[in-house]
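These protein sequences, in sequence, are chains P and Z. The numbering of the first sequence is the working numbering, which starts it at 45 and goes up by one. The numbering of the second sequence is the working numbering, which starts it at 45 and goes up by one. Have a look at the structure below, then the notes.
There are 2 protein chains.
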Amino acid sequence: MNFCDFPELAKVARGESAAEIVFRGGNVVNVFTGEVIQTSVAVTNGTVVGIGDQYVGETEIDLSGKYLCPGFLDGHLHLESTMVTPAELVEQAVQCGTTTYIVDPHEAANVSGAAGIDYILEETDDVPANVFVMMPSCVPSLPFEDNGCTFDAAEMQRYIDNPRVLGLGEVMDYVSTVGAAPAMVEKLALFDGMPKDGHAPGLSGKELNAYVLAGITNDHECSGFLEAMEKRRLGMHIHVREGSAARNLEPIVRGIVETKQDISGFSFCTDDKHIEDIHTEGHIDFCIRKAIACGMKPVDAIRMATINTARQYNLQHQVGAIAPGMQADFVVLDDLETVAVSKVFHKGVDVADFHAQPKLPMDSPLRRTMHSLPVQPEQLQLPVGESNDVIRVIPNEIVTGHDTVTLPQQDGLFVANAEFSKIAVVERHRNTGKVGVGAVAGFCIQGGAIASTVAHDSHNLSVIGDNDADMLLAIAHLREIGGGYTLVEHGKILSTVALPIMGLMSDAGFESVQKELSKMIAKAHEMGVPQDVSPLTLLSFLALPVIPALRITPRGLFDVEQMKFIQA
Amino acid sequence: MNFCDFPELAKVARGESAAEIVFRGGNVVNVFTGEVIQTSVAVTNGTVVGIGDQYVGETEIDLSGKYLCPGFLDGHLHLESTMVTPAELVEQAVQCGTTTYIVDPHEAANVSGAAGIDYILEETDDVPANVFVMMPSCVPSLPFEDNGCTFDAAEMQRYIDNPRVLGLGEVMDYVSTVGAAPAMVEKLALFDGMPKDGHAPGLSGKELNAYVLAGITNDHECSGFLEAMEKRRLGMHIHVREGSAARNLEPIVRGIVETKQDISGFSFCTDDKHIEDIHTEGHIDFCIRKAIACGMKPVDAIRMATINTARQYNLQHQVGAIAPGMQADFVVLDDLETVAVSKVFHKGVDVADFHAQPKLPMDSPLRRTMHSLPVQPEQLQLPVGESNDVIRVIPNEIVTGHDTVTLPQQDGLFVANAEFSKIAVVERHRNTGKVGVGAVAGFCIQGGAIASTVAHDSHNLSVIGDNDADMLLAIAHLREIGGGYTLVEHGKILSTVALPIMGLMSDAGFESVQKELSKMIAKAHEMGVPQDVSPLTLLSFLALPVIPALRITPRGLFDVEQMKFIQA
């Protein structure tokens with residue numbers, strides 16, 4: 045509520061004038077007391093003004109037999125990692141009842157820095173939901189990364205008073221944090237007293253103490269209940285993550301239920317959830333359903349999806365509950381068992397009719413982020429010896445193995461075959477001409493190449509193939525169209541998804557993107573990629589030098605366990 | 045923790061240097077998870093740096109067999125209503141484990157405005173505890189009150205950035221709040237988004253909705269569980285009050301226990317607790333013991349006394365739990381059944397040796413707050429008719445009856461007797477010469493008069509007696525010594541407690557104040573005041589025109605139920 049409205053709204057609360065809308069006679073989920081109470085909710089100007097059957101509305105919405113919940117919150121996600129525009133993603137997820145998003149635009153920041161963050165803010169300022177932003181804390185993710193921009197404390201300064209900016213985004217660089225590296229300390233200090241998102245899979249003991257001492261207030265990387273409890277004991281709030289890839293809900297919620305743990309320190313997040321998964325299984329509503337299936341009481345699962353998240357971000361007087369002065373963000377459910385979402389309201393308005401319109405001008409620099417030199421055939425050559433380091437693909441995982449093998453070769457140069465493919469990562473932000481080349485075992489693409497400009501976190505151009513000509517064609521094509529995914533077979537471009545916005549997103553609409561992607565993935569499997577390897581997801585992570593064991597960057601192969609490059 | 049200290053403290057957390065102190069091997073109460081875990085706590089620079097037995101300290105404190113809790117918080121109290129200096133009160137209460145105080149200095153503000161608030165802030169800035177201040181919201185308590193100062197939004201402005209000022213103090217004037225009166229709206233708007241303490245006994249339904257809409261975040265006036273639950277349902281946090289007079293803990297805690305209500309929205313406060321009661325039964329530790337006696341689990345009672353209160357005031361990253369980065373405010377308990385406090389630490393330092401030194405200069409204007417004209421004998425005359433409005437004292441209560449009787453009289457003027465005493469309230473802040481005179485039934489003082497400058501909330505001089513001469517002597521004496529309590533019998537001052545600081549407090553030390561007060565109270569009973577009437581407490585409340593049914597102010601008798609003065 046804007047406090048200027050208080051005198052007018054107080055009149056409605058006192059019953060002296062009618063409310064704009066009364067949501068009449070539903071079973072209202074009270075996240076404060078855990079009760080479900082049949083009553084009515086009066087709304088004016090997008091704000092809950094009063095609760096009780098005594099209120100009269102200019103419009104009345106009959107909720108007899110239905111359940112009325114506060115709108116759900118997603119405690120941590122990346123809007124730009126789903127290929128569609130932020131507005132389009134929100135348009136989809138809000139239908140599932142998620143009316144508040146705590147986003148970390150670190151993909152955008154890695155490509156375009158502050159301009160990328162501004163894009164996320166502007167693109168979501170009129171969606172039918174609340175989108176709050178955490179400042180990306182690790183851009184680049186490691187000092188030697190060839191990403192598009194460095195986003196430091198000085199750059200963050202101008203966002204600090206933005207009411208949509210809530211704190212510091214996931215602090216992945218736990219080494220700099222625990223070690224109090226000056227550049228990290230500067231960022232941590234800037235957000236002192238504000239929420240700071242953690243990202244500390246497996247961090248424990250003394251290092252975890254130091255990490256919490258740095259003021260990190262939450263973590264979304266717990267994969268099990270014991271890990272979550274070690275962090276809870278030190279005061280961290282736990283976002284239980286259930287996205288497309290990482291699915292941690294079941295073990296953690298089962299642990300909560302079995303030990304009767306207080307839920308107030310737990311909430312839900314999706315982190316990365318593809319739009320097709322949102323479409324088929326839902327968003328935060330899916331987390332609620334799954335938690336209930338794990339034995340949690342429905343009202344407790346709803347608390348995790350609402351007020352608990354709101355409190356973590358100091359939003360508890362604005363969203364996350366149905367009470368006077370709070371935003372009229374509501375989810376109408378058919379019942380509390382299936383949590384079937386029947387209607388969603390944002391500031392008292394039904395969200396069903398909203399459709400995002402692309403906003404980014406065609407001449408925006410964010411549509412021209414391919415700054416790379418043409419790659420020459422000799423840049424893809426990989427000299428090999430008797431013993432060579434090879435990235436080993438592990439089915440259904442994004443972690444890799446690190447093999448040492450004798451590679452197939454001719455004249456001292458690697459030649460791909462059915463088992464060993466070639467991978468190249470081309471720097472695409474600053475025309476440096478850097479190209480890292482390596483070998484991958486288990487990807488098995490034959491007769492062509494597949495390429496992507498979505499390659500966490502630096503989003504350089506990654507390409508895997510069995511011959512240099514097709515790889516060069518894929519590289520040239522993505523360079524020409526401003527980024528995206530492309531698949532080449534025997535000298536012919538078979539399928540392309542253009543992602544012109546920062547090389548990450550398309551504003552062509554989810555359906556056309558999805559249709560082409562499905563086609564491309566099917567074709568990649570036909571070309572030899574095993575069914576238990578997701579070609580595009582894997583391609584997007586093979587250049588991320590923080591995930592074990594072996595990765596490749598424009599500077600070459602990187603041994604994550606040793607934290608050092610492998611000398612050719 | 046001052047974030048500048050982070051790099052140094054991180055070294056200790058990482059185990060690379062020794063902690064200043066390790067609290068070794070106690071049973072540590074974890075208010076996040078509800079567990080009690082035997083472990084050790086490392087402290088440096090007054091801050092918890094790490095938790096775990098791996099830490100080594102330059103000093104080690106053995107806590108084997110003991111229980112280590114976070115320091116307790118008092119969610120709402122008035123430091124200056126206990127007659128001793130704020131520092132002296134804290135010195136006493138901190139021994140009981142209360143290391144954080146959320147105070148509303150509205151007595152001081154009523155007498156001396158901003159200077160009174162500054163006194164409370166300065167006097168407590170080096171006590172061995174955290175003292176935070178809420179801005180008094182209702183000074184004066186009603187527009188027609190003859191208090192010392194008006195404290196409005198413009199005056200509050202200069203406190204808004206003070207890190208020890210957390211929000212708006214108890215909003216007693218619910219009529220102006222619910223009615224959105226402009227002066228109140230200005231104050232509410234100033235603290236928009238910050239904690240705002242409520243004071244709304246019995247407020248319900250539409251009016252309660254409007255009150256919550258105004259952004260009032262908590263209430264400490266609930267006398268029963270059902271009232272507390274109506275407020276909880278609208279999102280209000282409930283401070284369960286257990287002070288010297290108002291004792292609401294038992295019914296509310298029993299309700300929580302019986303209905304298994306989530307405790308996260310409840311905490312404890314004392315509001316007003318006399319130093320002798322703190323001395324005999326304890327402070328917030330007493331609330332914990334009493335809650336346990338009502339069936340609450342000890343750890344839940346400790347959560348109510350710690351993290352729950354901290355969260356309500358956005359202090360949860362500073363106090364209320366034992367975790368890295370938080371202040372080392374600890375209470376060592378012998379066990380969790382008796383909650384016997386064995387030691388208390390503030391910022392890692394034992395508080396036992398602290399003794400407050402009076403700080404207020406002898407020439408401070410706060411020691412000269414009696415600004416009243418001499419009262420002339422004719423000013424105490426009370427003309428009476430056949431039917432007269434009389435304040436009826438109700439044993440053991442501060443509410444009064446409102447009788448209409450024929451008073452004993454001579455020449456048309458009231459003459460006191462064993463049943464009906466005379467009361468006068470003398471304006472003492474601005475030399476206005478206003479004196480209100482009335483009759484009181486059931487106080488029964490004979491052969492003298494008793495007077496006080498502690499008279500909520502305006503703190504004018506109140507006197508009750510059976511003869512004008514002794515009343516005039518009592519008035520003159522308090523005027524001369526700068527305020528306090530005095531008892532006169534047959535023309536002789538029998539007993540006086542000087543309260544030179546604003547007419548409210550003494551820096552002569554609790555023991556001397558207490559000794560003289562006991563003597564005075566005993567003597568008052570000897571002079572006829574019934575044993576079930578507390579003479580000084582009653583005297584302090586008879587001028588408060590918000591407590592039913594009939595009160596007296598310097599402007600005369602006030603009918604609280606009709607909210608109007610009674611015409612003489």
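Think of the CB as a built atom: it goes at the ideal place given N, C-alpha and C, for glycine as much as any other residue.
Annotation for proline 114(P): the continuous beta strand (DSSP E) segment containing it runs 111-114.
Annotation: aspartate 455(Z) to glutamate 422(Z) spans about 14 Å, alpha carbon to alpha carbon. Beta-bridge annotation (DSSP): tyrosine 99(P) is not paired with any residue.
Under the rule that a run must span 4 or more residues, the alpha helix (DSSP H) segments found entirely inside the region 465-535 of chain Z read 512-525. Boundaries for glycine 299(P): no beta strand (DSSP E) harbours it, while the alpha helix (DSSP H) harbouring it runs 293-303, taken from the DSSP string.
If you draw a straight line from the Cα of threonine 476(Z) to the Cα of methionine 179(Z), it is about 27 Å long. Taking 7 Å as the upper bound on Cβ-Cβ separation, chain Z lies near residues Gln305, Asp306, Ser308, Gly309 of the region 304-327 of chain P. By the neighbour-count criterion, in which 16 or more other beta carbons inside 10 Å mark a residue as buried, phenylalanine 389(Z) falls on the buried side.
Lys250, Glu251, Asn253, Ala254, Val256, Leu257, Ala258, Gly259, Thr261, Met273, Arg276, Arg277, Leu278, Gly279: these are the residues of the region 250-283 of chain Z whose beta carbon lies less than 8 Å from some beta carbon of chain P, given in chain order. The DSSP-derived three-state label of glycine 445(P) is strand. For glutamate 271(Z), the enclosing alpha helix (DSSP H) begins and ends at 269-277.
In this model, isoleucine 319(P) and isoleucine 146(P) are separated by some 17 Å (Cα to Cα). DSSP, reduced to helix, strand and coil, places methionine 179(Z) within a strand of the structure shown. The Cβ of leucine 112(P) sits no closer than 9 Å to any Cβ of chain Z.
It is roughly 46 Å from the alpha-carbon of threonine 168(P) to the alpha-carbon of asparagine 461(P). A residue is called buried when at least 16 other Cβ atoms come within 10 angstroms of its Cβ; cysteine 331(Z) meets this threshold and is buried. In the DSSP assignment, tyrosine 357(P) is bridged to no other residue.
When C-beta distances to chain Z are compared with 8 Å, the residues of the region 366-378 of chain P below that value are Ala367, Pro368, Gly369, Met370, in chain order. Across the set Gly429(Z), Ile442(Z), Val434(Z), Ala468(Z), the C-alpha of Ala468(Z) shows the shortest separation from the C-alpha of valine 419(Z). Remark: fewer than three beta-carbon pairs, one from each stretch, lie closer than 8 Å, so the region 132-139 of chain P and the region 96-107 of chain P are not flagged as touching. At a cut-off of 9 Å between beta carbons, valine 222(Z) contacts chain P. Contact of glycine 109(P) with chain Z is not assigned, every C-beta pair being separated by 9 Å or more. For the options Ile610(P), Ala335(P), Asp329(P), the alpha carbon positioned closest to that of isoleucine 307(P) is the one of Ala335(P). Exposed is the label assigned to lysine 536(Z), since fewer than 16 other Cβ atoms lie within 10 Å of its Cβ. Interface annotation, glycine 90(P): not in contact with chain Z, CB-CB separation never under 9 Å. Taking C-alpha positions only, valine 470(P) is separated from asparagine 511(P) by approximately 16 Å.
The C-alpha of alanine 485(Z) lies about 14 Å from the C-alpha of serine 431(Z). Against chain Z, the CB of lysine 55(P) has a partner CB under 9 Å away; the residue lies at that interface.
Taking a Cβ-Cβ cut-off of 8 Å, the neighbours of aspartate 236(P) in chain Z comprise Phe47, given in sequence order. Runs of the alpha helix (DSSP H) lying entirely within the region 115-174 of chain P, each at least 4 residues long, are 130-138, 150-156, 158-167 in chain order.
The beta carbons of methionine 216(Z) and cysteine 182(Z) sit closer together than 9 Å.
Close partners of isoleucine 95(P) in chain Z (Cβ separation under 7 Å): Asn253, Leu278.
When 7 Å is used as the limit between beta carbons, valine 229(Z) is near these residues of chain P: Phe50, Pro51, in chain order.
Bounds of the alpha helix (DSSP H) holding threonine 581(P) are 579-585. In this structure, the straight-line span from the alpha carbon of valine 481(Z) to that of threonine 497(Z) is close to 16 Å. Note: alanine 63(P) is bridge-paired with Gly101(P) in the DSSP secondary-structure output.
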